[in-house]
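The structure appears right after this line, and notes come after that.
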Amino acid sequence: MIDILSTARIIALSTFKEGLRGRLLFFIFSAVLFIFLLGNIFSNFADKQNLELRLILETGMAFSALVVLGTAVLIACQGLGKHDDSGSYRIMFAMPLNRDGIYLGYLGGLWLTVLTYSIVMAVALMIVVGYRFDVFRYTIPLHFFTLFIEGMVLSTVAFLFSLSRSNVVSFFMALAIGIMAHAEGVIIHLASQSSSIIMERVVPFLVNALPALGSINVKSSAVRDLPLTWEATTNCVTWGQFALGIGHNLLYVFILLVLISIVRRFIEADKG
Amino acid sequence: MYLIECNNLGFMTPAKRKANLLQNVSFTLPQGARLALAGGNGAGKSTFLKLLLGLEPIGEGEVSILGSLVPSVKSRTHIGYLADEPSPFAYLSGKEYLELYGRLEGFRGNELKDKVVKALSQSGLTDAANVRTENYSKGMRQRLEIERVMLKGRKLILLDEPLTGLDIESQLFFKKRLNQLAADGVSMIITSHEPSILEAVATHIAVLHFGKLAVFGKIDKLLTEKGWEIVYKDSQAVPDKLPKGAKPGGQNNSFLFSDRKDAETELKNNMNEQVLSFGSAIKGIEDLMAEVTAK
Numbered sequence: 001m002i003d004i005l006s007t008a009r010i011i012a013l014s015t016f017k018e019g020l021r022g023r024l025l026f027f028i029f030s031a032v033l034f035i036f037l038l039g040n041i042f043s044n045f046a047d048k049q050n051l052e053l054r055l056i057l058e059t060g061m062a063f064s065a066l067v068v069l070g071t072a073v074l075i076a077c078q079g080l081g082k083h084d085d086s087g088s089y090r091i092m093f094a095m096p097l098n099r100d101g102i103y104l105g106y107l108g109g110l111w112l113t114v115l116t117y118s119i120v121m122a123v124a125l126m127i128v129v130g131y132r133f134d135v136f137r138y139t140i141p142l143h144f145f146t147l148f149i150e151g152m153v154l155s156t157v158a159f160l161f162s163l164s165r166s167n168v169v170s171f172f173m174a175l176a177i178g179i180m181a182h183a184e185g186v187i188i189h190l191a192s193q194s195s196s197i198i199m200e201r202v203v204p205f206l207v208n209a210l211p212a213l214g215s216i217n218v219k220s221s222a223v224r225d226l227p228l229t230w231e232a233t234t235n236c237v238t239w240g241q242f243a244l245g246i247g248h249n250l251l252y253v254f255i256l257l258v259l260i261s262i263v264r265r266f267i268e269a270d271k272g
Numbered sequence: 001m002y003l004i005e006c007n008n009l010g011f012m013t014p015a016k017r018k019a020n021l022l023q024n025v026s027f028t029l030p031q032g033a034r035l036a037l038a039g040g041n042g043a044g045k046s047t048f049l050k051l052l053l054g055l056e057p058i059g060e061g062e063v064s065i066l067g068s069l070v071p072s073v074k075s076r077t078h079i080g081y082l083a084d085e086p087s088p089f090a091y092l093s094g095k096e097y098l099e100l101y102g103r104l105e106g107f108r109g110n111e112l113k114d115k116v117v118k119a120l121s122q123s124g125l126t127d128a129a130n131v132r133t134e135n136y137s138k139g140m141r142q143r144l145e146i147e148r149v150m151l152k153g154r155k156l157i158l159l160d161e162p163l164t165g166l167d168i169e170s171q172l173f174f175k176k177r178l179n180q181l182a183a184d185g186v187s188m189i190i191t192s193h194e195p196s197i198l199e200a201v202a203t204h205i206a207v208l209h210f211g212k213l214a215v216f217g218k219i220d221k222l223l224t225e226k227g228w229e230i231v232y233k234d235s236q237a238v239p240d241k242l243p244k245g246a247k248p249g250g251q252n253n254s255f256l257f258s259d260r261k262d263a264e265t266e267l268k269n270n271m272n273e274q275v276l277s278f279g280s281a282i283k284g285i286e287d288l289m290a291e292v293t294a295k
């Protein structure tokens, strides 16, 4: 019998391989590409409008993205049941292995997958946002860290919540976690109502850094031509951006559901 | 030491509408035995296997495998498991799949390579070694699975409906492999609705009926429990006088003997050419199941 760490290492690499070869990244990239595409169309249109109209368009875009991502989430939910039928993990649990090692290995594999996703997405953002809209600045590494750390946290929490063994509970927990993870959007919005010299410096930085995907469109139209100042920030942190943040949340929910679907195969296996 | 010692084993579903999937199952299985676990749908066969594997929590009683209480890592060191649906990871090739499990079994380097090469050869999948298992037929996946289990030899293999959905060729290949393993002294527990595999491999049988153990014992003994039967070619070939120790059989051209010797004497004394068949009154596992169901 091999030790826990060896078990974890072997399973983590195998899970990572699944993430690369399987449909996991395919789903993620499809959703992200769709958002980029939609963002491009709307922002090009919004470029020609005044600020107020831009924000209205941003809101419209956000709701469109929300509908698309909501549909993706529903499809992912439908797919979960089929994933759960797999006997692969039942076989692994039947092995004379310490089951903590199997859980640990699986979580490690998820983190590796999230890390890869974060790196690829940071590069994609650099290319798409940077070249297309000439907005490089300091956002790229921050996008990466945001995606990676949030992804790690969310996949870990999803793993724990998937112990509930209920699709409905997991779905709503994932949704709640996604929204909580983006509570900073709300905090920024509220904070922007009170002026202070610190917020003047911090808020623009955070606005660019945190809602990685949702902010693309704001940057592209409303922010692009404006300096990253307190005034510009308070103008841009609008309900439109908040709606975009929700779209972003839903993307996270979608990613979470895919991750949960894999985790649950372990859990269900343990249940039998 | 028994291979399996099962005392008042019980299991109840955790759902709100609780149902007893297993109740008071008790038996002991000697080492080297091969147990056919039979019963209708929902009888509790798969549940029993899952309990042995520690995939379901034991509700009542206890069960041990070679002295190790279930569930425990130690008890699982004796077991290999073939799921009802052979599900090697779809994104791995057959070779990678075996390597993954070889590593989990603790093999490294050349030893791992040798084991994998041997397993691929044994399963007849050498040519398909680098093909992803999602492209394998069910028969290929099942062959891969049995070799995965045997990478590090096991004393007991649990097979859950191993022949379901396999073509004749794969079934024959699989039965042959199981017989090889049986000859090597590997014990098995097989659940199947296919009597042929149970008869080909099993030495013992346990029939579950709605979660209860209806019958358990050595197959040879159970099949002859109702005695021995001589079936004549037709009713005219049946002797006029009732032979010693005989009583009328289930058909109008047969006699039943409770003692095999009496039946053999009758065979010698009378015209063997008039005898159509001679054997146990219960012909096989299918008959035995029918008896249990009737009771």
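Protein chains in written order, with the numbering used here: chain F, 1 to 272; chain R, 1 to 295.
By construction, the Cβ of each residue, glycine as well, lies at the ideal position given by its N, Cα and C atoms.
Computed from a predicted structure; not experimentally measured.
Residue i versus residue j - alpha carbon distance
i	j	result
H78/R	A12/F	25 Å
L115/F	T15/F	13 Å
S64/R	L21/R	19 Å
L20/F	I119/F	13 Å
F107/R	Y101/R	9 Å
T203/R	L112/F	48 Å
T293/R	Q251/R	20 Å
K268/R	V275/R	11 Å
V116/R	R103/R	10 Å
G105/F	F173/R	35 Å
E96/R	I230/R	56 Å
I4/R	L66/R	6 Å
S277/R	F255/R	11 Å
D287/R	A200/R	15 Å
S196/R	L156/R	20 Å
K233/R	N253/R	7 Å
A43/R	L213/R	9 Å
G109/F	V73/R	23 Å
P57/R	R99/F	14 Å
G284/R	F216/R	15 Å
L120/R	F93/F	23 Å
L49/R	A128/R	31 Å
D3/F	K295/R	51 Å
K244/R	E225/R	19 Å
L208/R	E194/R	15 Å
Buried/exposed call for residue i, threshold 16 Cβ in 10 Å
i	result
P30/R	exposed
I168/R	exposed
E134/R	exposed
Q236/R	exposed
S26/R	exposed
P248/R	exposed
I282/R	buried
Q142/R	buried
T13/R	exposed
S93/R	buried
L266/R	A small correction: the amino acid at residue 266/R is Glu; Leu does not occupy that position in the sequence shown. Counting Cβ neighbours within 10 Å, E266/R comes out buried, since at least 16 surround it.
L5/F	exposed
Nearest neighbour of residue i, chosen from the options [CA to CA]
i	options	result
R154/R	M140/R, D167/R, L163/R and L178/R	L178/R
A183/R	S72/R, R34/R and Y2/R	R34/R
A303/R	S192/R, H204/R and F89/R	No statement about residue 303/R is possible, as the shown extent of chain R runs from 1 to 295 and does not include it.
F257/R	A246/R, T265/R and Q251/R	A246/R
S75/R	P96/F, G105/F and I2/F	P96/F
F11/R	L3/R, G61/R and F27/R	G61/R
S137/R	V207/R, G165/R and K283/R	G165/R
L151/R	L172/R, A128/R, M140/R and S123/R	S123/R
D114/R	L242/R, L98/R and R141/R	L98/R
L305/R	T265/R, I157/R and E85/R	The shown model of chain R, from 1 to 295, leaves out residue 305/R, and the question about it has no answer.
P71/R	N253/R, W228/R, L223/R and L51/R	L51/R
L107/F	I2/F, A8/F and M1/F	A8/F
G32/R	L92/R, G44/R, M188/R and L120/R	M188/R
E291/R	E161/R, G109/R, Y2/R and L223/R	L223/R
M1/R	L69/R, P239/R, M289/R and P88/R	L69/R
M1/F	G54/R, E105/R and Q180/R	E105/R
Bridge-paired residues (DSSP) for residue i
i	result
L82/R	L159/R
H204/R	L35/R and K218/R
E5/R	T28/R and S64/R
S187/R	L156/R
L213/R	L208/R
Task: Start-end ranges of the alpha helix (DSSP H) lying completely within the region 223-287 of chain R, minimum 4 residues - done: 260-269
Open item on the list: Runs of 4 residues minimum, wholly inside the region 130-172 of chain R: which ones carry the alpha helix (DSSP H) assignment?
Closed with: 138-149
TODO: Entirely within the region 10-79 of chain R and at least 3 residues each: give me those beta strand (DSSP E) ranges in chain order.
DONE: 20-29, 34-38 and 60-65
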